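For reference, the structure is listed below as structure tokens.
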Amino acid sequence: MLEHFENRPGLYADLTFGAGGHSLALSNIPGAQVLSFDQDPDALKNGYQLIKDKKIDNITLVDSNFENFELHAEEFLKKHNSDGFIGALMDLGVSSHHFDEALRGFSFRHEAPLDMRMNPRSGKSVAEILNEFDEEDIANIIWEYGEEKLSRKIARVIAHERKTAPIETTTQLAELIRGCYPAAKRFGKIHPATKTFQALRIAVNRELDVLSDTLPRVASKLVMNGRFAVISFHSLEDRLAKIIFKDFESREELPLYKTSKKPILPSPREIFENSRSRSAKMRLLERIPYKREKNKYAHLANKE
Ligand SMILES: C[S@@+](CC[C@H](N)C(=O)[O-])C[C@H]1O[C@@H](n2cnc3c(N)ncnc32)[C@H](O)[C@@H]1O
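Counting from 1 along the sequence shown, just add 650 to a position and that's the residue number in the working numbering.
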């Protein structure tokens, strides 16, 4: 999906460093300087080591939530004496590392403390939310971020259970949720806890709030013909990117933007090389010099 950046020299921002695949690819563009973000201590530790081992001198990796984009971007732009970025990229969500690392509590398949924070140094863990929040607030989280039809019942069972013993582990929660489902649906292909776990992960990491605050900040730091790509893995994130990019496209004041009409899907080759990309959708925003279709007098231009 990086072919959309067309290998132009300039400044790039990778807001989700992860294992560094995208940052590394961007750093190979001749004349590129890359500002990368991650908030996960493991991703950062591996990232700093990777940059050192590969002797890469054009990636600046910062330990920060990307909601602090403006602060770091200002410093980076000043250092490189530039007005903005030619390319910016978000590859949202958690990395496969999070699911593989049982102790982080992202997966209901491994027994672990219920945490799910990408940055365990700040905010509340899932266990704290489930043991401290009102039943109604828990139900709203599960409904809004997981679109789980049984949200009220699941919240009721959690509130009842925690009176006896706190909800502390992934498998404890997964089994409670399974018990809320009708017997015929408890052991299907998709685990009954899937939607609730997604909802709780989104809530503890404030994923949608951070995303909606940051998308406009990044968009407003693009240089002319600069592009911003957002890759998402669930419909709530994709919907947000779609709406915010449409808003940018429909504005009349400068700078002007255009966005992709439909989400861009991965090619069969990308899916073959990385099976995780199967459910990815990409939205693209580009800063443009003028809006041709808005110029209603264009057809008169060659007439006297
Ligand atoms: C899907 S992975 C990115 C994979 C990456 N593109 C690669 O090539 O390896 C997402 C990464 O972004 C990080 N992340 C997600 N939301 C973030 C946020 N709000 N601020 C900073 N990092 C974030 C996660 O910790 C994770 O390491």
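Every residue gets a Cβ at the ideal spot worked out from N, C-alpha and C, and that includes glycine.
Small disclaimer: the values here were computed from a predicted structure and weren't measured.
- Scanning its chain for C-beta atoms nearer than 6 Å, with the 5 sequence neighbours on each side dropped, one finds around Phe895 the residues Thr909, Arg933, Leu935, in chain order.
- Exclusion of the five residues before and after Phe716 leaves Leu665, Phe687, Thr864 as the residues of its chain whose Cβ lies within less than 6 Å of its Cβ.
- Straight-line spacing of the CA atoms in Ile881 and Ala930 works out to 6 Å.
- For Gly829, the uninterrupted alpha helix (DSSP H) segment begins and ends at 820-830.
- In the structure shown, Lys912 falls within a coil segment according to DSSP collapsed to helix, strand and coil.
- No heavy atom of ligand 1 is found nearer than 8 Å to the CB of Asn708.
- Judged by their CB atoms, Pro691 and Arg771 are nearer to each other than the 9 Å cut-off.
- Between Ala879 and Pro763, the alpha-carbon positions lie close to 34 Å from each other.
- It is roughly 42 Å from the alpha-carbon of Asp897 to the alpha-carbon of Asp703.
- Relative to ligand 1, Met766 has its C-beta separated by 8 Å or more from all heavy atoms.
- Counting of Cβ neighbours within 10 angstroms places Arg767 among the buried residues, the total reaching 16 or more.
- With fewer than three CB-CB distances shorter than 8 Å, the stretch 723-738 does not count as touching the stretch 849-861.
- Sixteen is the threshold: since fewer than 16 other Cβ atoms of the shown chains lie within 10 Å of the Cβ of Ser870, the residue is exposed.
- The closest heavy atom of ligand 1 lies 8 Å or more from the beta carbon of Asp703.
- Excluding residues up to 5 positions away in sequence, Leu665, Thr666, Val880, Ile881 lie with their Cβ nearer than 7 Å to the Cβ of Met740 in the same chain.
- Ala879: member of the beta strand (DSSP E) spanning 872-882, first to last residue.
- Taking 9 Å as the cut-off, the Cβ atoms of Lys845 and Ile788 do not count as close.
- DSSP assignment within the stretch 723-758 yields the following whole beta strand (DSSP E) runs of 3 residues or more, N-terminal first: 735-741.
- Apart from sequence neighbours up to five positions away, the residues of its chain that approach Leu915 with a beta-carbon distance below 7 Å are Lys931, ordered along the chain.
- Taking 8 Å as the cut-off, the C-beta of Asn781 does not count as close to any heavy atom of ligand 1.
- CA-CA distance, Gly773 to Pro659, rounds to 38 Å.
- Where Phe687 is concerned, the enclosing beta strand (DSSP E) starts and stops at 682-688.
- In the DSSP assignment, Asp765 falls outside any alpha helix (DSSP H), carrying neither H nor E.
- Out of Glu902, Met874, Lys912, Arg867, the CA that lies nearest to the CA of Arg889 is found in Lys912.
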